[in-house]
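In terms of the working numbering, the sequence shown has 45 at position 45, counting the first letter as 1, and numbering is strictly consecutive.
Step one of this worksheet: look at the structure below.
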Amino acid sequence: MNTTIEQIEDMSLNAWPSHKMELYDGWILRFSYFYTHRTNSVEQFGVSSLPWREKIPYCENVYKRLGTPAIFKISPLISPDFDYILENRGYSIEHTTNVMTIDLKNTSSFSSALCPDVQFTTTIPSFWIQSLLKLKHTTNPLHQKVVPSMYQAILKETICASITKNGEIIGTGLGILDRDYIGIYAIHVREDFRKQGYARQICTGLLKKGKELGAQNAYLQVVNHNFSAQNLYRSLGFKKLYTYWFRTQPSFPQSV
1 MNTTIEQIED MSLNAWPSHK MELYDGWILR FSYFYTHRTN SVEQFGVSSL
51 PWREKIPYCE NVYKRLGTPA IFKISPLISP DFDYILENRG YSIEHTTNVM
101 TIDLKNTSSF SSALCPDVQF TTTIPSFWIQ SLLKLKHTTN PLHQKVVPSM
151 YQAILKETIC ASITKNGEII GTGLGILDRD YIGIYAIHVR EDFRKQGYAR
201 QICTGLLKKG KELGAQNAYL QVVNHNFSAQ NLYRSLGFKK LYTYWFRTQP
251 SFPQSV
């Protein structure tokens, strides 16, 4: 199981680049002006030679200089002792997230699925990115400037999905192909168009396209309290594989 988790953790790093990154003794420090926890946290991806009690303050100082608290991602690949050290330093748990997967090899239902409202492109258009920011109510000027470059930095093959009504995109989804997986990202439907089956169409269409392009498995990430999304994904056949969370520094001096 750990091998599969390692693979998905690698692919999720490929799928969502940060605006800035620093490699530090088998850790990667990610920073994107606090757009998401995933792109503003420390992830452990390699062999570490320095002691934790030296490395944690180093990371705290890096993020202090950037004006944000230090955040560490805790997955099943991370030692429970490390999580305990952060807890003793006053770090709180935030954004507990479930990673769900599905085996597409023996799943025939997606091959014949109909998604009449969904349009697909193999690139990520600027209009799609701006529409996604609008759907997420992203108004921070820095995020509006930085996030498009993060999407454009994705090196993997992509499948971009959208639903348009009255000339506006009201639903989005993004499939990212890596090895024999398709990762499902950016599933958003405008509030006044929800509960009409559009999210299901988008997810089903991405899985169908991914399978056509050779994907044998799929994964996605969903926050623990988003019960409606989890119910949708379970109805499509996804099952929880593992859970990760973030440990966030309790306080830090504000930048001048």
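Glycine included, C-beta positions come from ideal geometry on N, C-alpha and C.
Just so you know, these numbers come straight off a predicted model, no measurement behind them.
So what does residue i bridge to, in DSSP terms?
i	result
phenylalanine 45	Answer by DSSP bridge pairing: none, since phenylalanine 45 is not bridged.
glutamine 221	Val99
glycine 183	Ile176, Tyr219
glutamate 6	DSSP output for glutamate 6 lists no bridge partner at all.
threonine 158	Ile176
glutamate 94	Phe246
leucine 23	Ile28
phenylalanine 72	Val42, Arg247
histidine 188	Thr172
Between the alpha carbons of residue i and residue j, how many angstroms are there, rounded?
i	j	result
valine 62	aspartate 180	36 Å
glycine 46	glycine 237	32 Å
leucine 155	valine 147	15 Å
cysteine 115	alanine 153	28 Å
asparagine 2	glutamate 168	42 Å
proline 57	isoleucine 182	36 Å
alanine 161	lysine 20	27 Å
proline 17	isoleucine 129	15 Å
threonine 139	tyrosine 35	11 Å
alanine 15	alanine 186	11 Å
serine 41	glutamine 249	11 Å
glycine 210	aspartate 81	38 Å
alanine 215	leucine 177	7 Å
glutamine 144	tyrosine 244	27 Å
glutamine 230	glutamate 191	17 Å
lysine 195	serine 75	32 Å
threonine 4	asparagine 88	30 Å
Please list the terminal residues of the continuous beta strand (DSSP E) segment that includes residue i.
i	result
leucine 241	239-248
glutamine 119	119-121
leucine 29	27-31
For the alpha helix (DSSP H) containing residue i, name the first residue and the last one.
i	result
histidine 143	141-152
glutamate 168	Per DSSP, glutamate 168 belongs to no alpha helix (DSSP H); it is in the beta strand (DSSP E), 168-178.
lysine 209	198-212
leucine 236	227-236
tyrosine 35	Note, tyrosine 35: premise wrong, no alpha helix (DSSP H); not H, not E.
lysine 55	52-66
lysine 195	Here lysine 195 belongs to no alpha helix (DSSP H), and DSSP marks it neither H nor E.
lysine 134	126-135
phenylalanine 110	Per DSSP, phenylalanine 110 belongs to no alpha helix (DSSP H) and is neither H nor E.
leucine 114	Counting along the chain, leucine 114 falls outside any alpha helix (DSSP H), and DSSP gives it neither H nor E.
Given a cut-off of 8 Å, decide if residue j and residue i are closer than it, judged by their beta-carbon atoms.
i	j	result
phenylalanine 246	lysine 73	yes
threonine 172	isoleucine 124	no
leucine 206	isoleucine 184	yes
leucine 13	cysteine 59	no
valine 223	histidine 95	yes
leucine 232	arginine 200	yes
threonine 101	leucine 241	yes
leucine 308	glutamate 22	Here the chain covers residues 1 to 256 and nothing more, so residue 308 does not appear.
lysine 55	tryptophan 27	yes
methionine 150	serine 251	no
serine 111	lysine 208	yes
isoleucine 93	histidine 37	no
valine 99	isoleucine 163	no
serine 48	aspartate 83	no
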